[in-house]
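Trainee: To start, I am sharing the structure in question, which I have written as structure tokens.
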Amino acid sequence: MTDTAVVILAVFGAHLLRFGFNNEPLTIGDRTFDFEVGYVVTSLLFVLGWLVALQMFGTREPSVLDGGSTEYRRIVDATMRVFGGIAILALLFQIQFGRFYLLIALPSGLLLLILTRWLWRNWLRHQRNAGHFLQRAIVIGDREKATHIADKIVREPQSGIRIVGAVTTHGSQEPLLEDVPVLGDFDEVLDIIDSHNVDSVILSTSDAITPKRTRKFGWALDQKRIGLIVAPALTDIAGPRIHTRPVAGLPLIHVEYPRFEGRQRIAKRAFDIFGSLGLLILFSPVMIAVALAVKFTSKGPIFYAQERIGLHGKPFKMFKFRSMVVGADDQLKSLLDQQGTSDKPLFKVNDDPRITPVGRFIRRYSLDELPQFANALIGTMSLVGPRPQREAEVALYDEDAHRRLFMKPGITGLWQVSGRSDLSWDDAIRLDLYYVENWSITTDIVVVARTAAAVVKPSGAH
Numbered sequence: 478m479t480d481t482a483v484v485i486l487a488v489f490g491a492h493l494l495r496f497g498f499n500n501e502p503l504t505i506g507d508r509t510f511d512f513e514v515g516y517v518v519t520s521l522l523f524v525l526g527w528l529v530a531l532q533m534f535g536t537r538e539p540s541v542l543d544g545g546s547t548e549y550r551r552i553v554d555a556t557m558r559v560f561g562g563i564a565i566l567a568l569l570f571q572i573q574f575g576r577f578y579l580l581i582a583l584p585s586g587l588l589l590l591i592l593t594r595w596l597w598r599n600w601l602r603h604q605r606n607a608g609h610f611l612q613r614a615i616v617i618g619d620r621e622k623a624t625h626i627a628d629k630i631v632r633e634p635q636s637g638i639r640i641v642g643a644v645t646t647h648g649s650q651e652p653l654l655e656d657v658p659v660l661g662d663f664d665e666v667l668d669i670i671d672s673h674n675v676d677s678v679i680l681s682t683s684d685a686i687t688p689k690r691t692r693k694f695g696w697a698l699d700q701k702r703i704g705l706i707v708a709p710a711l712t713d714i715a716g717p718r719i720h721t722r723p724v725a726g727l728p729l730i731h732v733e734y735p736r737f738e739g740r741q742r743i744a745k746r747a748f749d750i751f752g753s754l755g756l757l758i759l760f761s762p763v764m765i766a767v768a769l770a771v772k773f774t775s776k777g778p779i780f781y782a783q784e785r786i787g788l789h790g791k792p793f794k795m796f797k798f799r800s801m802v803v804g805a806d807d808q809l810k811s812l813l814d815q816q817g818t819s820d821k822p823l824f825k826v827n828d829d830p831r832i833t834p835v836g837r838f839i840r841r842y843s844l845d846e847l848p849q850f851a852n853a854l855i856g857t858m859s860l861v862g863p864r865p866q867r868e869a870e871v872a873l874y875d876e877d878a879h880r881r882l883f884m885k886p887g888i889t890g891l892w893q894v895s896g897r898s899d900l901s902w903d904d905a906i907r908l909d910l911y912y913v914e915n916w917s918i919t920t921d922i923v924v925v926a927r928t929a930a931a932v933v934k935p936s937g938a939h
């Protein structure tokens, strides 16, 4: 319904802006036709074709409505195909479409479609967080693998799946998680599905479930109209790196390794240069105001340069507006010891007494970090990347965490838009590693956009 309203609004809005309430004739070649092929009829056909394209390109399939960028890509693809088709028809039959008419309808319709889908998606996420519109699912497989899958899904209620239990092929009958009981073994799975009103089954790899048993199990689920989801032993790998290709009748999954070189490196550096330069200009009045507030409310310098560890473990100076009293670094160790977190790689002090009144305000809205745009401009940091950390924190890294240093640290990142200081170390490292493994310009743009929302609602800022 909203798609239809948006397309009608865009097309007939363009019609009214260009022609008013007149039904202008459409010129085809050397002939001019009146009403039957005037712009009213043209607009009606335009609306119909656009809506058909949105349906044909699967923009409303349930699998793409609840996450990822696939839904938006399909909307853009369908819209561009419609306008591409119009351009081809105009060229072949010498149809003289009003350019202003098309230039209004295309961008306005596309932007409104994406906006309404985004609003629906946010509504759906709120509903799912409240426990509505969830598929009831069970996880089947080895206990360790089933626990891993269940834990990931339980953490993300926006996924639209509620794990009601597990069926293990062997191992303990103790619950996998607090709310995920083991319901039985694989021999009882069909009865379990019926008795627990299951909508989907998530099947992980297991030596006990042979290809023949899996095939028969799939047939039984098809008869019951139960969805089958196969979860490979691959986690934290984004879709673009995964390709399924049939080989000798086997659906083999090919995984591309992360690459950050050549044109990818150039694209990210260009994004950093132009983005940081534009943001420095945009926020220059705010930065001047913050600088004056810091200068006249506490003793000490306006800026604070702290050594952090950057790309490939190289140290660099990270710039910030000073938000603490002079000599704050000397007090850090004792404060960490007092709250018992000196052995944790996130050196954060809750209710930090070193922060000045102005510092508390600028930290709450991340204004103290504005000078880091200069870091991004000179190349020691990136606009988006892993969380920059101190040498003492890096010294506490395990082998996996060192992969964060594969990319430049960022002013913002997935950690910034997913909870900031409220995150545990394990969650923070998981998000940073996911970013390093699956970087893309699209991801950077989305993170920058979400950062603005996180700053407006600043939870977790210490």
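Note that this note's numbering has the sequence shown beginning at 478, numbered continuously upward.
Where is the CB? At the ideal position from N, CA and C, for every residue including glycine.
In this text, all values refer to a predicted model and were calculated from it rather than measured experimentally.
1) Give every residue of the same chain whose Cβ lies closer than 7 angstroms to the Cβ of S800, excluding the five residues on either side of it in the sequence, and list them in chain order.
2) What number of angstroms, rounded off, separates the C-alpha of L960 from the C-alpha of L531?
3) Find the nearest neighbour of V802 within the set F796, K776, M795, judged by alpha-carbon distance.
4) Quick check on I779: does DSSP put it in helix, strand or coil?
5) Where does V553 sit, in a helix, a strand or coil, going by DSSP?
6) Bridge partners for E784 per DSSP, in chain order?
7) Could you give the first and the last residue of the continuous beta strand (DSSP E) run that contains Q612?
8) Measure how close the beta-carbons of I615 and A643 come, nearest whole angstrom, since I'm counting them as under 8 angstroms.
9) Three-state secondary structure (DSSP) at M801?
10) What residue from L590, I617, D543 has the CA that sits closest to Q604's CA?
11) Which partner residues of D699 appear in the DSSP bridge assignment?
12) Taking C-alpha atoms, which residue in V666, Q849, I617 lies nearest to E784?
13) DSSP on R864, reduced to helix/strand/coil?
14) Over what stretch of residues does the alpha helix (DSSP H) that includes R907 continue unbroken?
15) Quick check on the DSSP output: the alpha helix (DSSP H) that includes G752 runs from which residue to which?
16) Quick one: any contact between the segment 861-869 and the segment 900-915, if contact means 3 or more CB pairs under 8 angstroms?
17) Out of P658, R537, G704, which one is the CA nearest neighbour of L680?
18) Quick check on the burial criterion: 16 or more other C-beta atoms within 10 angstroms. Buried or exposed for E548?
19) So P851 and F796 are in contact, right, with Cβ under 8 angstroms, and what is the actual spacing, rounded?
20) Which one of L494, W595, I640, V483 has the shortest CA to CA distance from T556?
21) Could you check what DSSP says for F642 in three-state terms: helix, strand or coil?
22) In three-state DSSP terms, what is V484?
23) Roughly how many whole angstroms lie between the Cα atoms of G937 and Q635?
24) Taking the continuous alpha helix (DSSP H) assigned at D662, which residues delimit it?
25) By the DSSP assignment, the beta strand (DSSP E) with A708 in it spans what residues?
26) Are the Cβ atoms of L653 and M764 separated by less than 8 angstroms?
27) Are three or more beta carbon pairs between the segment 585-594 and the segment 613-629 nearer than 8 angstroms?
Mentor: In short:
1) I832, T833, G836, I839, R840, D845
2) Nothing about residue 960 can be read from this structure; the chain reaches only from 478 to 939.
3) K776
4) coil
5) helix
6) K794
7) 612-618
8) 6 angstroms
9) strand
10) D543
11) Bridge partners of D699: none, in fact.
12) Q849
13) coil
14) 902-914
15) 740-759
16) yes
17) G704
18) buried
19) The residue asked about is misnamed: residue 851 is Ala in this sequence, not Pro. The Cβ separation is near 6 angstroms, so the contact holds.
20) V483
21) Here residue 642 turns out to be Gly, not Phe, going by the sequence shown. If DSSP states are grouped into helix, strand and coil, G642 belongs with the strands.
22) helix
23) Legend: pLDDT at G937 = 48, less than 50; position of this residue unreliable, value from coordinates given subsequently. Their Cα atoms are separated by approximately 21 angstroms.
24) Note, D662: premise wrong, no alpha helix (DSSP H); beta strand (DSSP E) at 659-662.
25) 704-708
26) no
27) no
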